[in-house]
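The sequence shown begins at 310 in this note's numbering and counts up one residue at a time. Accompanying notes for the structure given below.
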Amino acid sequence: MERGRGSRRRNPGHTGGPYRLLFLAVCLLFLFFALYAGKRLIGGEGEMETEVPFRQEAETEEDIKGKTAETEKAGEKTEEQTERETERPVLQIYTGEENEEKEDTGEKENAEEQTLTRQADTVSLLFAGDIYLSEHVLNAYERGGGIEGVLDSGFLQTIEQADIFMANQEFPFSSRGTPETDKQFTFRLPEEKVSIMQEIGPDIVALANNHALDYGSEALSDTIRVLDEAGILHAGAGENLDEAKALKTIEAGGKTFGFLAASRVFPKGYWAAGPDHPGMLTAYDSTVLLEEIQKAKESCDFLTVYVHWGIERRTEPESYQRTLGQQYIDAGADLVIGSHPHVLQGIEYYKGKPIVYSLGNFVFGSSIPKTMLLQVEVPREGDPALVLLPGTSSGGYTRMVADETEKEAFYRYMEGLSFGITVDEAGRIRQAD
Numbered sequence: 310m311e312r313g314r315g316s317r318r319r320n321p322g323h324t325g326g327p328y329r330l331l332f333l334a335v336c337l338l339f340l341f342f343a344l345y346a347g348k349r350l351i352g353g354e355g356e357m358e359t360e361v362p363f364r365q366e367a368e369t370e371e372d373i374k375g376k377t378a379e380t381e382k383a384g385e386k387t388e389e390q391t392e393r394e395t396e397r398p399v400l401q402i403y404t405g406e407e408n409e410e411k412e413d414t415g416e417k418e419n420a421e422e423q424t425l426t427r428q429a430d431t432v433s434l435l436f437a438g439d440i441y442l443s444e445h446v447l448n449a450y451e452r453g454g455g456i457e458g459v460l461d462s463g464f465l466q467t468i469e470q471a472d473i474f475m476a477n478q479e480f481p482f483s484s485r486g487t488p489e490t491d492k493q494f495t496f497r498l499p500e501e502k503v504s505i506m507q508e509i510g511p512d513i514v515a516l517a518n519n520h521a522l523d524y525g526s527e528a529l530s531d532t533i534r535v536l537d538e539a540g541i542l543h544a545g546a547g548e549n550l551d552e553a554k555a556l557k558t559i560e561a562g563g564k565t566f567g568f569l570a571a572s573r574v575f576p577k578g579y580w581a582a583g584p585d586h587p588g589m590l591t592a593y594d595s596t597v598l599l600e601e602i603q604k605a606k607e608s609c610d611f612l613t614v615y616v617h618w619g620i621e622r623r624t625e626p627e628s629y630q631r632t633l634g635q636q637y638i639d640a641g642a643d644l645v646i647g648s649h650p651h652v653l654q655g656i657e658y659y660k661g662k663p664i665v666y667s668l669g670n671f672v673f674g675s676s677i678p679k680t681m682l683l684q685v686e687v688p689r690e691g692d693p694a695l696v697l698l699p700g701t702s703s704g705g706y707t708r709m710v711a712d713e714t715e716k717e718a719f720y721r722y723m724e725g726l727s728f729g730i731t732v733d734e735a736g737r738i739r740q741a742d
């Protein structure tokens with residue numbers, strides 16, 4: 310629009326022609342003055358054509374086009390990509406990559422760069438509870454034409470924006486094995502369904518739970534292979550104890566984030582991994598787990614321990630959960646996340662570090678009255694901030710709670726389940742005074 314107005318402002322010198330004819334008709338004696346005036350007007354016309362604002366604008370557009378082409382060739386962000394990613398501030402800046410320096414074009418751009426600099430000092434971790442691609446979930450996936458039938462846009466965008474997303478995978482990927490005897494529920498999904506897990510988007514899953522070996526060690530081996538091929542990290546289970554207890558790390562924002570997983574819930578003793586047989590890292594005897602926490606803390610900046618524990622359908626943690634959670638923190642954990650009860654349990658701080666006793670089900674069966682994602686914002690310096698993102702599920706479809714009244718009720722519900730915390734209107738958790 311400004312370029313168009315600049316074009317219309319040009320060409321004032323065309324009025325010089327009539328003046329010259331008028332001067333010639335009145336008196337030839339003024340010919341010299343008429344020619345001189347015309348020369349002045351022509352010179353003025355040239356000055357208008359070289360007006361700096363318009364030409365500068367044209368040059369700027371060409372420069373931008375050239376820079377855009379060079380950016381696309383170099384695989385860097387175009388203006389359109391940058392605009393899209395600005396709507397996703399967490400993902401944009403938590404990878405630790407440096408943004409290309411821009412010329413100072415005004416206060417607005419300076420303010421945006423200052424915002425990016427501040428955000429780049431924070432890494433966003435996201436945690437969900439149990440995921441099981443049940444028949445209800447698979448039907449919702451088909452009805453919705455893809456992952457949008459399983460998760461709403463609010464949760465999908467939040468997951469996409471997170472630097473690291475972790476959940477508990479409550480089933481194996483396999484077509485092999487036989488179901489565990491004397492077990493009421495045994496879960497298994499075909500290997501090709503891993504594509505749905507990829508669409509959900511976890512970067513890492515916990516395999517230490519009471520369903521990873523539902524179809525035996527063959528199915529566990531298949532699961533590990535399938536997840537490896539899909540690019541999804543896994544913790545807490547393996548072909549032997551060394552694999553099951555192995556620390557998994559992810560780099561983000563200049564920090565190393567470590568993850569360990571263990572289970573205090575499984576039906577048979579042989580589900581525990583040994584030196585020469587597959588299984589999971591046990592939390593019944595915490596000796597090995599505590600040793601691994603101590604070692605892991607030496608090689609990472611922030612350590613999460615994800616543990617399967619508690620009693621199903623109970624919203625209050627067992628006394629042993631509180632004891633173990635404190636032991637994990639004493640050993641070096643920065644954050645303890647729990648799963649298994651299929652319902653939410655409370656949150657507690659111990660020595661300034663959070664223990665989240667159960668995140669419940671996230672993607673599971675037909676109906677989940679209350680669920681949530683836990684966002685953990687880890688700054689470069691200082692304590693992490695925890696934010697609750699409430700949700701609910703019906704018909705295999707999990708959605709983020711948008712209604713402010715429902716959010717407020719959820720926050721007060723979580724306060725009631727928890728120990729010594731408050732939740733503000735934005736879902737941010739505070740330690741009570």
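Where is the CB? At the ideal position from N, CA and C, for every residue including glycine. A quick note: this is a predicted structure, and the numbers were derived from the prediction, not measured.
From which residue to which residue does the alpha helix (DSSP H) around residue i run?
i	result
N448	E444 to R452
G725	E713 to L726
V597	T596 to K606
I505	V503 to I509
Who are the Cβ neighbours of residue i in its own chain at under 6 Å, not counting the five residues just before and after it?
i	result
G486	Y524, G525, E527 and A528
V645	V614, G634, Y637 and I664
H543	V514, L516 and L536
L498	L442, F480 and F482
E734	none
E508	I456
I677	N670 and S702
From which residue to which residue does the beta strand (DSSP E) around residue i run?
i	result
L697	A694 to S703
K564	K564 to S572
T632	That residue, T632, is in no beta strand (DSSP E); its alpha helix (DSSP H) goes S628 to A640.
K557	K557 to A561
V459	Careful: V459 lies outside any beta strand (DSSP E) and carries neither H nor E.
A515	I513 to A515
N518	Element bounds for N518: n/a, residue is neither H nor E.
Q478	I473 to Q478
If you drop the 5 nearest sequence neighbours on each side, which residues of the same chain put their C-beta closer than 8 Å to that of residue i?
i	result
I473	V432, S433, L434, L435, D512, I513, I559, A561 and F566
P288	The chain is shown only over 310 to 742; residue 288 falls outside these bounds and no answer can be derived.
D692	G661
M475	L434, L435, F436, A437, P511, D512, I513, V514, A515, F568, T613, Y615 and I646
E457	L465
V361	Note on V361: pLDDT 31, under 50, position unreliable in the model; no value is reported.
Y706	A449, G453, G458, V459, L460 and D461
Using only alpha-carbon positions, find the residue among the options that is nearest to residue i.
i	options	result
S300	L590, F673, L682 and R708	Look at the range of the chain in this structure, 310 to 742, and you will see that residue 300 is not part of it.
E717	T731, R497 and H445	T731
L668	Y450, N477 and A449	N477
K604	V574, A642 and P587	A642
T495	L522, Q507, A471 and I509	L522
S727	R739, A735 and E734	R739
E469	L682, V710 and P678	L682
K679	L695, S703 and Y659	S703
Y579	A546, E601 and D610	A546
L653	T632, S675 and R622	R622
E657	I541, F673, E625 and E600	E625
E552	S530, Y593, F671 and E538	S530
S608	P650, H586 and K564	K564
R737	V574, I440 and L698	L698
H649	V574, N549 and G540	V574
L695	T714, Y720 and D712	Y720
N549	G540, I541, I533 and A539	I533
Using the DSSP secondary-structure output, state which residues sit across from residue i in a beta bridge.
i	result
A546	M589
S433	E686
V614	L569 and V645
K662	Y659
I730	Q740
R294	Given a span of 310 to 742 for the chain in the structure shown, any question on residue 294 remains unanswerable.
L668	L653
V535	None; V535 has no bridge partner.
A581	M589
S676	S703
S439	For the record, residue 439 in the displayed sequence is Asp; it is not Ser. Per DSSP, N477 and N670.
F482	L498
Cutting at 7 Å between CB atoms, please list the residues of its own chain near residue i, excluding the five before and the five after it.
i	result
E744	One cannot answer for residue 744 here, as it falls past the ends of the chain, which runs 310 to 742.
A741	G729, I730 and T731
E627	G619 and I620
Q630	W618, G619, G647 and Y666
K606	L612 and G641
K554	L590, V597 and E601
S595	L633 and Q636
Taking only beta-carbon atoms, is residue i less than 7 Å away from chain C?
i	result
Q603	Given the protein chain composition of this structure (a single chain), no chain C is represented.
Practice task
Report yes or no: do three or more beta-carbon pairs, one from the stretch 501-508 and one from the stretch 567-578, lie closer than 8 Å?
Solution key: no
Exercise for the section: Indicate whether the contact test is met: 3 or more Cβ pairs, each with one atom in the stretch 684-692 and one in the stretch 442-458, closer than 8 Å. Expected result: no
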